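Structure first, then comments.
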Amino acid sequence: MAEKNIDEDELDRAEAADRLREIADDLESGEDFDVDIRNKTISLRPPSVIGFEVGARESSSILRGRRESVTITMDWRPD
Numbered sequence: 001m002a003e004k005n006i007d008e009d010e011l012d013r014a015e016a017a018d019r020l021r022e023i024a025d026d027l028e029s030g031e032d033f034d035v036d037i038r039n040k041t042i043s044l045r046p047p048s049v050i051g052f053e054v055g056a057r058e059s060s061s062i063l064r065g066r067r068e069s070v071t072i073t074m075d076w077r078p079d
């Protein structure tokens, strides 16, 4: 059974870029790496080729106003 761990936070743009850059650097290293999600550390073992998807959404409502979101999904079977 799959366990989903999510860490949600509000960051400024530079902090968000730093978090993404850390993951990008870990992926580029070619080594296994850890991701800290709240109080849990998850060890990841990506292979040399991974699935990669980027999605963007724009929405508007009277109550919430305009919203935009970007979702980045990467998935793989560990080596």
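Residue 1 is where the sequence shown starts when you use the UniProt record's numbering, and the numbers rise one by one after that.
No residue lacks a Cβ here, since even glycine has one placed at the ideal position from N, Cα and C.
This structure is a prediction, so every number in the text was calculated from the model and none was measured.
Discussion item. For a cutoff of 7 Å on Cβ pairs, would you count ARG38 as touching chain B?
Written reply: The displayed structure is made up of one protein chain only, and chain B is not part of it.
Fill in: Uninterrupted alpha helix (DSSP H) stretches inside the UniProt domain "Amphi-Trp" (8 to 78) (no shorter than 4 residues)
13 to 29
Discussion item. If distances are taken between C-alpha atoms only, which option among GLY65, SER60, ASP34 comes closest to GLU22?
Written reply: ASP34
Worksheet item: Relative to the C-alpha of ASN39, which residue among VAL54, ASN5, ALA24 is closest?
Response: ASN5
Practice prompt. Measure the CB-CB distance between ASP79 and GLY51 and report whether it falls below 7 Å.
Written response: no
Discussion item. With distance defined between alpha-carbon atoms, name the residue in ASP9, LEU11, ASP7, ARG77 nearest to ARG45.
Written reply: ARG77
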